[in-house]
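Some notes on the structure that comes next.
Numbering (my numbering), first residue to last: 27 to 130.
Laid out in structure tokens, this is it:
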């Protein structure tokens, strides 16, 4: 049987970074990932609170899509990510170098 399914894009977890987490915690991180990806797909700037454990993974997701993502640590467990499109038609948007920035 040949199924037309495949990995849409990497989850960045093959480094063992989630090995210490429970299934429930991994589910939460996956749900956050899906919501962040859906927000990116909308194409408009947005902010979202995420678990700090997931922040780097979500920043890389934005980077792969040429978005600028700013990070603000709110607590040991929560991080606010603010994302805006960083490229238009494959070129950096005006005033943007497409870089991922970090504010703390």
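Idealized CB from N, CA, C, for every residue including glycine. These numbers come from a predicted model, not from an experiment.
Query: Residues near residue 108 in its chain [Cβ-Cβ closer than 6 Å; skip 5 each side]; Result: 73 and 96
Query: Inter-stretch contact (C-beta, 8 Å, three-pair minimum) for the segment 78–90 and the segment 51–66; Result: yes
Query: Helix, strand or coil at residue 71 [DSSP, three-state]; Result: coil
Query: Three-way DSSP call (helix, strand, coil) for residue 35 in this model; Result: coil
Query: Helix, strand or coil at residue 44 [DSSP, three-state]; Result: coil
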